[in-house]
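Protein chains: 2
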Amino acid sequence: MSHPQYKHQHQYLAVDCVIFGYENGQLKLLSAKRKFEPAMDQWSLMGGWVRMDETVEQAAIRVLFQITGLRDIYLEQVQVFSQPQRDPGGRVVSIVFYAMIPTDQHDKSLVHEHEAVWFNLPDKPKLIFDHDQMVEFAHEKLKQKASYELIGADLLPEKFTILQLRLLYEAVFQREFDPGNFRKKVLSLKVLERLNDKNTNESKKGAYYFRFITKTEALIKERIVKI
Amino acid sequence: MSHPQYKHQHQYLAVDCVIFGYENGQLKLLSAKRKFEPAMDQWSLMGGWVRMDETVEQAAIRVLFQITGLRDIYLEQVQVFSQPQRDPGGRVVSIVFYAMIPTDQHDKSLVHEHEAVWFNLPDKPKLIFDHDQMVEFAHEKLKQKASYELIGADLLPEKFTILQLRLLYEAVFQREFDPGNFRKKVLSLKVLERLNDKNTNESKKGAYYFRFITKTEALIKERIVKI
DNA sequence: ACAAAAGTGTTTCGGCTACACCCATGC
DNA sequence: GCATGGGTGTAGCCGAAACACTTTTGT
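So the sequence lines, in the order shown, correspond to chains R and H.
When you number the first sequence by my numbering, it's gap-free, plus one each residue, and the end is 1111.
When you number the second sequence by my numbering, it's gap-free, plus one each residue, and the end is 1111.
And the structure:
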């Protein structure tokens, strides 16, 4: 390795991924038993080293693919953690991402192979080092995102009812939302499309399924209105 | 240097600081002529290497002290920039911060010594590498902050008029605010204290000076109301 | 019949916006 | 007197919140 221009100390650079999922009315966190020292066999976030020829986002995508078998995962930078002593194994600067994955689509055998487990977020065990704080920060950032745009496209199945969407929001914010108001609010955003298909499992009356419309579809609809 | 636990490639890790100031109704950006190759003598953000024994925040604080002579500067992480080819001198991952400094208090001789210049943000020159994008991201983040809490404590002098505060907001958002509504809004936040002192330079009638009350003072006031 | 969710309608309240309007004073 | 910013008041609009009410259907 040669960097003719720069002479300075090098650093270990890692990414850690806070992986959120959703199932049965619960916001979930994917956590794995660490397979190497230090802190082997303790619960931790999924992480990996950043290679010289990739961005930190690409490193996170690699890590996510390794454990879920999924590509095209929603990713967002959270924070850099860089306390010199944060990792007893040496100086490691970690860039934290959070991800949202559709729990029903991921590869469960890969998760099992990594000795990883989906925890309900409130019931997660203590994680190593500063990983608990990473989860806190990521959860904050997720709430912030969810408060100014509709999340769920990456966490819910392709089609879902307004009830399921509301339960997701209640899980994310750990509070209840008025069913009527929540419904009116999300439908006013014009990002959901009602399907000619009803869910009759969760209610007697049956509730229409909805799906997220893509951004281009939404744009087209907007244009038609505006002409 | 020894890291017995980890065997992996190392990275160059840097911080770059988007330094905002404010003067004469203009949001300012501090930019310096780069003193080393590559891209010597071109405009760039102030940056520095992250040392092994410090956090990235501490590295940013060092950089800020070097150029302003100030400590206790408001700092916020913006984004990590990590395109492998972003810096022609080699693989450098950069963590971007933005800072707000009181333009009237900083050490102008240090700025001069670094061949740095305060530009009005809209008139800034093209910066090296991806630094223009860093400034954009930082400005976005600043706007976001300013939209959910009152900024100015770090940019304005100790005492200031509502007009001056409004002009700061107009500079940050590049739009006008209704004077009456702006006044009522900021005063309703209960974070400003009116002084028995008027500014008679900027208006015939004279306008009261205000100052930010500290967080603890604000807390106490809240408590008194709530009892 | 009743419970339980679906879906709609209504009322109230608070905050934001767009103003109008008086005040003080330097020119 | 008039222009300029300081400062206050008010009417209208809109969205959020609270909640009533009707619909549908499995049990």
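Ideal placement from N, C-alpha and C gives every residue a C-beta, glycine not left out.
Among H:Leu-1052, H:Leu-1103, H:Ala-923, H:Leu-897, which one has its Cα closest to the Cα of H:Asp-1038? H:Leu-1052
Since I believe R:Ala-1102 is in contact with R:Val-1075 (beta carbons under 8 Å), could you give me their beta-carbon distance rounded to a whole number of angstroms? 6 Å
Any residues in the segment 988 to 1002 of chain H with a beta carbon nearer than 8 Å to a beta carbon of chain R? Which ones, in chain order? none
Pull up the DSSP beta-bridge partners for R:Ala-944, would you. R:Ala-944 is not bridged to any residue.
Who are the near neighbours of H:Leu-914 in its chain, counting only those whose CB is closer than 6 Å to its CB and skipping five residues on each side? Ile-903, Ala-1000, Trp-1002
Using a beta-carbon distance below 7 Å, is R:Met-924 in contact with chain H? no
Along chain H, in chain order, which residues have C-beta atoms closer than 9 Å to that of R:Ser-966? Leu-897, Val-934, Glu-938, Thr-939, Val-940, Glu-941, Gln-942, Ala-943, Ile-979
Where R:Tyr-1032 falls, given that 16 or more other Cβ within 10 Å makes a residue buried: exposed
Nearest-angstrom Cα distance between R:Tyr-1092 and R:Lys-1082? 4 Å
From H:Lys-917 to H:Gly-931, what distance separates their C-alpha atoms? 11 Å
Counting only Cβ pairs nearer than 9 Å, list the residues of chain H close to R:Gln-963. Gln-961
Verify whether the separation of the beta carbon atoms of R:Val-976 and R:Ala-1030 is less than 7 Å. no
Delimiting residues of the alpha helix (DSSP H) encompassing R:Gln-1017: 1015 to 1032
Presumed contact (8 Å Cβ cut-off) between R:Ala-923 and R:Arg-935, rounded CB distance: Actually they are not in contact, since the Cβ atoms of R:Ala-923 and R:Arg-935 sit about 23 Å apart, beyond 8 Å.
Check whether R:Cys-901 and R:Phe-981 have beta carbons under 7 Å apart: yes
Can you give me the start and stop residues for the alpha helix (DSSP H) that H:Ala-898 sits inside? Unbroken run through H:Ala-898 is the beta strand (DSSP E), 896 to 907; no alpha helix (DSSP H).
Is there a Cβ of chain R sitting closer than 7 Å to that of H:Arg-918, yes or no? no
Measure from the C-beta of R:Arg-1067 to each C-beta in chain H and report whether the shortest distance is under 7 Å. no
For R:Arg-970 and chain H, any beta-carbon pair shorter than 7 Å? no
For the segment 945 to 956 of chain H, list every residue whose C-beta sits within 9 Å of some C-beta in chain R, in sequence order. none
For the pair the segment 982 to 1000 of chain R and the segment 948 to 958 of chain H, tell me if three or more CB-CB distances fall below 8 Å. no
What residue from H:Thr-1100, H:Lys-1008, H:Tyr-896 has the CA that sits closest to H:Pro-972's CA? H:Tyr-896
Mind listing, in chain order, the continuous alpha helix (DSSP H) runs of no fewer than 4 residues lying wholly within the segment 1033 to 1057 of chain H? 1046 to 1057
Quick one: is R:Ser-928 buried, meaning 16 or more other Cβ sit within 10 Å of its Cβ, or exposed? buried
Taking just the CA atoms, how far does H:Pro-1041 sit from H:Glu-907? 10 Å
Output the distance between the C-alpha atoms of R:Ser-1015 and R:Glu-1024, rounded to the nearest integer angstrom. Sequence check: residue 1015 of chain R is His here, not Ser. Their Cα atoms are separated by approximately 14 Å.
Helix, strand or coil for R:Ala-1091, going by three-state DSSP, please let me know. strand
Is it the case that the Cβ atoms of H:Val-962 and R:Val-940 are separated by a distance below 7 Å? no
Determine, using beta carbons only, whether R:Arg-1078 and R:Phe-1094 come nearer to each other than 7 Å. yes
Whole-angstrom C-beta distance between H:Val-995 and H:Ile-951, which should lie under 8 Å: 6 Å
Who are the Cβ neighbours of H:Ser-966 in its own chain at under 6 Å, not counting the five residues just before and after it? Val-977
Classification of R:Gln-1048 by the beta-carbon crowding that lies within 10 angstroms, buried from 16 upward: buried
Assign H:Lys-1068 to one of two classes, buried (16 or more other C-beta atoms within 10 Å of its C-beta) or exposed (fewer than that). exposed
Pairwise C-alpha distance: H:Lys-1010 and H:Arg-970: 15 Å
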